[in-house]
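Worksheet for the structure shown next.
There are 2 protein chains.
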Amino acid sequence: MSDDRQTRTEKLASEIADAILDGTLAPGSRLDEHMLAARYGTSRTPVREALRQLATTGLIELRPRRGAIVAQVTSDELEMLFVAMGELEATCARLSAMSMTPIERRRLGALYDSMGEMVAQDDVPAYTAANTALHAMFYAGTHNPVLAEMTAGLRRRVGPFRRAQFRAPGRLALSHAEHGAVVRAVLGGDATAAHAAMLHHVSLVEDAFEQLVATAMEAPGSSPHRAKAG
Amino acid sequence: MSDDRQTRTEKLASEIADAILDGTLAPGSRLDEHMLAARYGTSRTPVREALRQLATTGLIELRPRRGAIVAQVTSDELEMLFVAMGELEATCARLSAMSMTPIERRRLGALYDSMGEMVAQDDVPAYTAANTALHAMFYAGTHNPVLAEMTAGLRRRVGPFRRAQFRAPGRLALSHAEHGAVVRAVLGGDATAAHAAMLHHVSLVEDAFEQLVATAMEAPGSSPHRAKAG
DNA sequence: GGCCAATACTGTGCATGCAATTTCGTGAAT
DNA sequence: ATTCACGAAATTGCATGCACAGTATTGGCC
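Taken in sequence, the protein lines are chains E and Z. Counting in full-length UniProt numbering, the first sequence tops out at residue 230, every number present. Counting in full-length UniProt numbering, the second sequence tops out at residue 230, every number present.
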């Protein structure tokens, strides 16, 4: 078919990860090796290796002799993921304030400005994409791939649970305002302020999420951990 | 024979990891699947699964179709690991200052005091062990297993390269003094000071390491990345 | 004599098969 | 009716074997 440069194991790991992240495989789902092997047209061997890799990243849970399931995240664990992500994001902002090159700063400012347009037009899809790009800039701005990778990994991991964050009216403008504080601090080279502003921003996102969970809890029948309909 | 509760794959992963961390398997060593299988008396299958797990943690490097090697860490990458670890440790100290329970604070103070004794007696082995325990207290003090696990993992990963850190004369006392600043800030609930003090402490450790590397570089024949003889 | 190409070989990627354990279904006893 | 025990099916853990990519070696050519 195509480039077979990467092994089946790697392809499987990434495809299964995608299926989990986009909600096709819901948390708690059993990951039957035979089923996955049949589904992707391979034998169980690469499936097993892919599962072990995913288990190490925390995306799935591997229970010896009892099979694998998509990671169950309790409300408490999710809050800890959010807190950890917030701290890492704040650290990235701090280092970005200290380490970004002039070019990086210019691009950051430009992206931020363009997001203002999206807010004005209430373009949620564009804003969501730009938001991801903005945060990615802070990761890259650390000039520290280790930290960047850890933070991005954590963001991916909480991704399935923050899908609807920009749905609430006015949240786009609020998010943009918070970003403004972070961007100004970073561009101004104020590491402490950048840290504080980002921490504030992420904690607000967390609060918004918790409200979402709370409302979902009040409406039984819709699983709070399924962010996307099937 | 022995408790077979954990699978061979897990046992292998942990044994190979130990071998890497204690220097038996030097960075750059080829990890031949047949050899490892024979060495541990299993087939290649669990070896492969263990290798994939280790690759995800960053301990080894898995090059498709070209075999696995113990992770090569260049001087630059090592510095990034140190910086990332420092940031995470500082974050742990910050959260500890905010979240530690009275009991945890008492134990932290007690451990710190007992380390003063070890410094006075110049007991390097005891101090090294206590140092690990002290840092572990900060991880636990965050009350955030996600962050704690990430930080501990990073510390493990740089472990092989900081083995001789307490060798230099006077470093024990210096380390203890730095710890004092962190401990006081945490016990006093001053999150910002705790963060700053820990960051300072870790950056000094990093400097000490870089000096070590520099001196090792000047003495060719002794590999700077082999901390322990085979 | 050095460089490049063809070949043999080593080692990884993956499929398949078997054994052991877990789990599910059935039945009987309390 | 509920619970426990037993047995069957399903599923994981691991071993083995084969095919292909990568590597080393040898021979030929410039």
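Don't be surprised by glycine CBs; every beta carbon is placed ideally from N, CA and C. Predicted model, so just to flag it, every value in this text is computed and none were measured.
Just to make sure I have the definition right: I need the residues of chain Z whose C-beta is within less than 8 Å of the C-beta of residue i. Which are they?
| i | result |
| --- | --- |
| E/A84 | N144, V146, L147, M150 |
| E/E33 | Residues of chain Z passing the Cβ test: none, with the nearest at roughly 12 Å. |
Buried or exposed: which applies to residue i, given that a residue is buried once 16 or more other Cβ atoms fall within 10 Å of its Cβ?
| i | result |
| --- | --- |
| Z/H176 | buried |
| E/I103 | exposed |
| E/M100 | buried |
| Z/T9 | buried |
| E/A13 | buried |
| E/M35 | exposed |
| Z/G170 | exposed |
| Z/S2 | Note that Z/S2 has pLDDT 41, beneath the 50 cutoff, so the model's placement of it is unreliable and the number below is only indicative. The residue in question, Z/S2, is exposed, as its Cβ has fewer than 16 Cβ neighbours within 10 Å. |
| E/G116 | exposed |
| E/R48 | buried |
| E/A38 | exposed |
| E/A93 | buried |
| E/A110 | exposed |
| E/P64 | exposed |
| Z/P125 | exposed |
| E/R105 | buried |
Per DSSP, what kind of secondary structure is residue i in: helix, strand or coil?
| i | result |
| --- | --- |
| E/G170 | coil |
| E/V73 | coil |
| residue 234 of chain Z | The first residue shown for chain Z is 1 and the last is 230, placing residue 234 of chain Z beyond what the model contains. |
| E/G67 | strand |
| E/R30 | strand |
| E/R157 | helix |
| E/N144 | coil |
| Z/G188 | coil |
| E/M100 | coil |
| Z/R5 | coil |
| Z/D122 | coil |
| Z/R162 | coil |
| E/G41 | coil |
| E/E178 | helix |
Is the CB-CB distance between residue i and residue j below 8 Å?
| i | j | result |
| --- | --- | --- |
| Z/A90 | Z/G189 | no |
| Z/E173 | Z/V119 | It should be pointed out that residue 173 of chain Z corresponds to Ala in this sequence rather than to Glu. Yes, Cβ-Cβ distance for Z/A173 and Z/V119 is below 8 Å. |
| Z/P160 | Z/G23 | yes |
| E/V186 | Z/M80 | no |
| E/L21 | E/V70 | no |
| E/L88 | E/M150 | yes |
| Z/T142 | Z/L95 | yes |
| Z/M85 | Z/V182 | no |
| E/Q53 | Z/R52 | yes |
| E/H195 | E/L134 | no |
| Z/Y139 | Z/A152 | yes |
| Z/L78 | Z/A17 | no |
| E/T56 | Z/T56 | yes |
| E/R162 | E/V205 | yes |
Give the residues of chain Z in contact with residue i, contact being defined as C-beta atoms less than 9 Å apart.
| i | result |
| --- | --- |
| E/M118 | Those within 9 Å of E/M118 in chain Z number zero; the least Cβ separation is about 31 Å. |
The beta strand (DSSP E) that contains residue i, what's its start and end?
| i | result |
| --- | --- |
| Z/R48 | From DSSP, Z/R48 is part of no beta strand (DSSP E) but of the alpha helix (DSSP H) over 44 to 57. |
Report the neighbours of residue i on chain Z: residues whose CB is nearer than 7 Å to its CB, in chain order.
| i | result |
| --- | --- |
| E/R48 | E49 |
| E/L81 | V146 |
Locate the alpha helix (DSSP H) running through residue i, then write down its first and last residues.
| i | result |
| --- | --- |
| Z/R63 | Taken as a continuous stretch (DSSP letters only), Z/R63 belongs to no alpha helix (DSSP H), being part of the beta strand (DSSP E) at 60 to 63. |
At 9 Å on the CB atoms, spell out the chain E contacts of residue i, in chain order.
| i | result |
| --- | --- |
| Z/R8 | The premise fails here: Z/R8 is roughly 10 Å from chain E at the closest Cβ pair, so nothing lies under 9 Å. |
| Z/P27 | Correct list: empty, because the minimum Cβ distance to chain E is about 16 Å. |
Starting from residue i, find everything on chain E with Cβ-Cβ shorter than 8 Å and list it in chain order.
| i | result |
| --- | --- |
| Z/Q53 | R52, Q53, A55, T56 |
| Z/P102 | Result: empty, since nearest Cβ-Cβ is about 21 Å, beyond 8 Å. |
| Z/P64 | R5, Q6, T7, E10 |
Along chain E, in chain order, which residues have C-beta atoms closer than 7 Å to that of residue i?
| i | result |
| --- | --- |
| Z/T91 | E87, T91 |
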